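The following block contains the structure:
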């Protein structure tokens with residue numbers, strides 16, 4: 002069936018978000034819904050279940066926002082009645098910043114406000130107050146704070162408050178989690194990294210000794226672990242603290258030096274050259290040879306150059322014997338005999354977890370691996386479109402939803418992936434991405450969405466993107482602005498000026514970009530970036546494509 006561009010655009014413009022998500026369930030929902038309306042974000046699809054799942058996600062997202070200590074705070078959702086530093090207070094809030102910036106900022110601030118006198122940040126905040134039993138670090142807080150700051154108007158007072166808190170926390174970690182003097186950050190328990198039930202932590206307590214985050218069980222034959230993901234977290238944290246320091250008129254060189262020390266310790270103690278993998282090193286100085294999503298966590302912390310990342314893609318992340326399941330990415334390598342795909346409980350022993358899925362884009366995009374990322378996003382959107390619940394885990398074999406429901410990482414995964422794949426995404430660096438792809442019918446040939454349209458306001462200017470099977474059209478303030486063939490991403494500045502285009506398919510896309518009365522011919526390969534200048538699109542970057550592997 003031929004879909005009419007005008008009809009799809011009219012459907013988009015007719016969407017009433019409040020009607021689609023239903024009556025607010027609690028008083029704060031009115032303010033949150035109003036903030037969503039100001040974002041201008043709307044999404045429609047010609048067919049399939051994805052559109053319905055999208056508005057159900059917004060409804061469930063409202064359910065995950067609670068008033069804690071007098072301010073709105075994002076909650077983890079489902080059975081998790083609180084806000085966790087490893088997830089809700091970092092990567093979740095970073096994604097939320099594009100949709101509900103005030104809630105994201107109050108969530109970030111809450112961790113600084115509840116910092117302990119000795120510098121320790123709470124690992125979670127609930128209605129009962131802050132908790133400090135463990136550290137529970139994954140996504141670097143400084144990166145999330147920095148990206149929110151750039152995206153949402155550069156609030157210096159907020160940035161300074163967060164910087165001072167993170168500076169004190171760095172001191173606490175260096176003093177309390179380096180008992181072996183290696184410069185690595187040590188794990189005293191499974192919950193320090195949020196790796197519940199992972200074989201990585203078999204025969205290790207779930208929590209630090211007697212609930213004291215500065216103590217490990219001295220009777221343990223293996224603790225403390227030199228933890229690669231915790232060490233990478235601090236490495237990346239320090240890189241971004243350097244950026245923040247310079248933004249605040251302070252010196253950043255000291256943070257850069259400390260970051261290098263963290264990187265040296267990470268590779269010196271936790272990287273196995275033979276396996277080309279990051280492992281914990283136990284008390285006996287042996288590698289804990291469990292290949293887990295620690296790799297993806299380390300890479301998301303910007304460890305290694307593109308050549309290193311490409312090697313990890315080929316050997317592990319895009320390897321169907323390792324982590325590239327039908328619904329990626331698994332939490333344990335599939336060829337490990339301890340791998341367990343069972344997803345009906347809180348497990349990091351095999352199933353794909355939505356926290357891994359929302360952490361993954363930064364790792365890929367940092368090294369310009371945009372096409373490869375779509376291979377993970379497409380099956381996950383298929384899974385989310387047909388799911389009855391927003392679960393914590395997803396079966397890597399079938400895509401069926403697993404443990405718990407109304408889980409904010411899964412909700413934000415859907416919102417984020419739609420925006421990255423076929424929507425309008427404002428970036429901290431001042432770019433806007435308009436991506437001309439469509440969700441693929443990967444599950445039994447069942448259509449996920451068909452043709453789509455997406456709207457978003459940026460600096461009070463309304464943009465709309467209509468994606469058809471052969472072309473995409475950008476509207477600006479209600480008027481056709483750009484037209485281009487499907488399979489590419491158009492990149493503009495925040496004011497809408499053309500910056501360039503990026504190939505988003507394995508196929509080479511040939512065509513013309515029509516913009517402001519001009520018709521600019523181009524040919525772009527997957528991951529190739531053509532920069533606009535002097536009326537032409539010229540190659541500025543071509544990293545090629547890393548293809549899936551099977552052994």
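Residue numbers (the working numbering): 2 to 552.
Heads up, the beta-carbon is just placed ideally off N, CA and C, and yes, glycines get one too.
If you're wondering where the values come from, they're calculated on a predicted model, not measured in any experiment.
Per-residue burial, residue 328 [other beta carbons within 10 Å of its own, 16 or more giving buried]:
Taking the chain shown and counting its residues from 1, the one referred to as residue 328 is at position 327. Its Cβ being crowded by 16 or more others within 10 Å, residue 328 is buried.
Quick test of the definition: if touching needs 3 or more C-beta pairs under 8 Å, does the segment 126-141 touch the segment 72-87?
Contact between the segment 126-141 and the segment 72-87 is present, because at least three Cβ pairs lie under 8 Å.
For residue 253, which residues from the same chain have a beta carbon less than 6 Å from its beta carbon, with the 5 sequence-adjacent residues on both sides left out?
Counted from its first residue, the chain shown places residue 253 at position 252. Result list for residue 253: 243, 246 and 247, in chain order.
In the DSSP assignment, the beta strand (DSSP E) including residue 516 goes from what residue to what residue?
Locating residue 516 in the chain shown gives position 515, counting from the first residue. Note, residue 516: beta strand (DSSP E), 510-516.
Indicate whether the contact test is met: 3 or more Cβ pairs, each with one atom in the segment 451-470 and one in the segment 29-45, closer than 8 Å.
The answer is yes - the segment 29-45 touches the segment 451-470, with three or more Cβ pairs under 8 Å.
Taking 6 Å as the cut-off, is the CB of residue 528 close to at least one heavy atom of the ligand FAD?
Summarising the ligand content, the structure contains no ligands, and the ligand FAD is consequently not present.
Should residue 459 and residue 433 be called a contact, given that it needs their Cβ atoms to be closer than 7 Å?
Translated into positions along the chain shown, residue 459 becomes position 458. Translated into positions along the chain shown, residue 433 becomes position 432. Yes, these two residues count as a Cβ contact at 7 Å.
Would you mind listing the alpha helix (DSSP H) stretches within the segment 148-178 that are 4+ residues and don't spill past its ends, in chain order?
Taking only runs of at least 4 residues, the alpha helix (DSSP H) segments lying wholly in the segment 148-178 are 157-177.
At the level of alpha carbons, what is the spacing between residue 382 and residue 440?
Within the chain shown, residue 382 is the residue found at index 381, counting from 1. Within the chain shown, residue 440 is the residue found at index 439, counting from 1. When rounded, the distance between both Cα atoms is 7 Å.
Residue 84 - DSSP class collapsed to helix/strand/coil:
Residue numbering aside, residue 84 sits at position 83 when the chain shown is read from its first letter. Residue 84 carries a strand assignment under DSSP once its states are collapsed to helix, strand and coil.
For residue 564: DSSP bridge partner residues:
A query on residue 564 cannot be resolved here, the shown segment of the chain reaching from 2 to 552 and no further.
Are there 16 or more other CB atoms within 10 angstroms of the CB of residue 388, so buried, or fewer, so exposed?
In the chain shown, residue 388 corresponds to position 387, counting from 1. With 16 or more other Cβ atoms within 10 Å, it is buried.
If distances are taken between C-alpha atoms only, which option among 144, 549 and 474 comes closest to residue 517?
If you number the chain shown from 1, residue 517 lands on position 516. Comparing C-alpha distances from residue 517 to each of 144, 549 and 474 shows the shortest one belongs to 474.
Starting from the C-beta of residue 83, find all residues in its chain whose C-beta is less than 7 Å away, skip the five residues before and the five after it, and write them out in chain order.
On the chain shown, residue 83 is found 82 positions in, with the first residue counted as 1. Taking residue 83 as the centre and dropping the five residues before and after it, the same chain places the C-beta of 76, 77, 125, 126 and 127 closer than 7 Å to its C-beta, in chain order.
What are the partner residues of residue 268, as DSSP defines its beta bridges?
Counting from one through the chain shown, the residue named residue 268 turns up at place 267. In DSSP, residue 268 forms no bridge with anything.
For the segment 299-331, list the alpha helix (DSSP H) runs that are entirely contained and at least 4 residues long, ordered along the chain.
The segment 299-331 contains these whole alpha helix (DSSP H) runs: 307-313.
Please name the residue, chosen from 111, 30, 384 and 204, that lies closest to residue 159 on a Cα-to-Cα basis.
Within the chain shown, residue 159 is the residue found at index 158, counting from 1. Cα-wise, what sits closest to residue 159 is 111.
Going residue by residue through the segment 358-404, where are the continuous alpha helix (DSSP H) segments of at least 4 residues, counting only ones entirely within it?
Segments of the alpha helix (DSSP H) lying fully in the segment 358-404: 371-387.
Under the rule that 16 or more other beta-carbon atoms within 10 Å means buried, what is residue 203, buried or exposed?
Numbered from 1 along the chain shown, position 202 holds the residue referred to as residue 203. So residue 203 counts as exposed.
Closest to residue 191 by CA distance: which of 45, 218, 170 and 167 is it?
Mapped onto the chain shown, residue 191 falls at position 190. When 45, 218, 170 and 167 are compared, the shortest CA-CA separation from residue 191 is found for 218.
In whole angstroms, give me the CA-to-CA distance for residue 131 and residue 469.
The residue you call residue 131 lines up with position 130 of the chain shown. The residue you call residue 469 lines up with position 468 of the chain shown. Cα to Cα, residue 131 sits roughly 48 Å from residue 469.
In whole angstroms, what is the alpha-carbon distance linking residue 101 and residue 24?
For the purposes of this step, residue 101 is taken as the residue at position 100 of the chain shown. For the purposes of this step, residue 24 is taken as the residue at position 23 of the chain shown. Rounded to whole angstroms, residue 101 and residue 24 show a C-alpha spacing of 18 Å.
Taking 7 Å as the limit between beta carbons, can you name the residues of its chain near residue 294, skipping five residues before and five after?
What you label residue 294 is simply residue 293 of the chain shown in a count that begins at 1. Excluding sequence neighbours, residue 294 sits near 330, 332 and 357.
Excluding the 5 residues preceding and the 5 following residue 300 in the sequence, name in chain order all residues of the same chain whose CB lies nearer than 7 Å to its CB.
One-based indexing of the chain shown puts residue 300 at position 299. Closer than 7 Å at the Cβ level, and outside the excluded window around residue 300, lie 310, 313 and 364.
Pop quiz: residue 263 and residue 184 are said to be a contact at Cβ under 8 Å. What is the actual Cβ separation, rounded to whole angstroms?
Here residue 263 refers to the residue found at position 262 when the chain shown is read from its first residue. Here residue 184 refers to the residue found at position 183 when the chain shown is read from its first residue. Indeed, because the Cβ distance is near 7 Å, the residues count as touching under 8 Å.
Around the C-beta of residue 189, are 16 or more other C-beta atoms found within 10 angstroms, so that it is buried, or is it exposed?
As a first step, residue 189 is located in the chain shown; it is residue number 188 there, counting from the start. The C-beta of residue 189 has 16 or more other C-beta atoms within 10 Å across all chains shown, which makes the residue buried.
For residue 520, list the residues DSSP reports as bridge partners.
By one-based count along the chain shown, residue 520 stands at place 519. Answer is 515, bridged to residue 520.
8 Å contact criterion, which residue 278 and residue 296 should meet: CB distance rounded
The residue given as residue 278 occupies position 277 in the chain shown. The residue given as residue 296 occupies position 295 in the chain shown. So it is a contact: roughly 6 Å between Cβ atoms.
Considering residue 111, what are the terminal residues of the alpha helix (DSSP H) in which it resides?
As a first step, residue 111 must be located in the chain shown, where it is residue number 110. Segment 102-114, the alpha helix (DSSP H) holding residue 111.
Go ahead and label residue 320 buried or exposed: buried means 16 or more other beta carbons lie within 10 angstroms of its beta carbon, across all protein chains shown.
Taking the first residue of the chain shown as position 1, residue 320 is located at position 319. Around the C-beta of residue 320, 16 or more other C-beta atoms lie within 10 Å, and the residue is accordingly described as buried.
Do you know offhand how far residue 1's Cα is from residue 423's?
Residue 1 is absent from the structure shown; the chain starts at 2 and stops at 552.
Alpha-carbon to alpha-carbon, residue 359 and residue 57:
To locate residue 57, count along the chain shown from 1; it is residue 56. To locate residue 359, count along the chain shown from 1; it is residue 358. Each residue's Cα considered, the two are about 19 Å apart.
Just to confirm before moving on: does the CB-CB distance between residue 79 and residue 406 stay below 7 Å?
Translated into the one-based positions of the chain shown, residue 79 becomes position 78. Translated into the one-based positions of the chain shown, residue 406 becomes position 405. The answer is yes: Cβ separation under 7 Å.
Taking the straight line between their C-alpha atoms, what separation do you get for residue 234 and residue 22?
Here residue 234 refers to the residue found at position 233 when the chain shown is read from its first residue. Here residue 22 refers to the residue found at position 21 when the chain shown is read from its first residue. Cα atoms of residue 234 and residue 22: separation of roughly 37 Å, rounded to the nearest angstrom.
Leaving out the 5 sequence neighbours to the left and right, which residues in its chain are closer than 7 Å to residue 336 when beta-carbon positions are compared?
Numbered from its first residue, the chain shown carries residue 336 at position 335. In the same chain as residue 336, and ignoring 5 residues on each side of it, the C-beta atoms closer than 7 Å to its own belong to 322 and 323, in chain order.
Under the three-state DSSP convention, the category residue 143 falls into
Within the chain shown, residue 143 is the residue found at index 142, counting from 1. It is helical.
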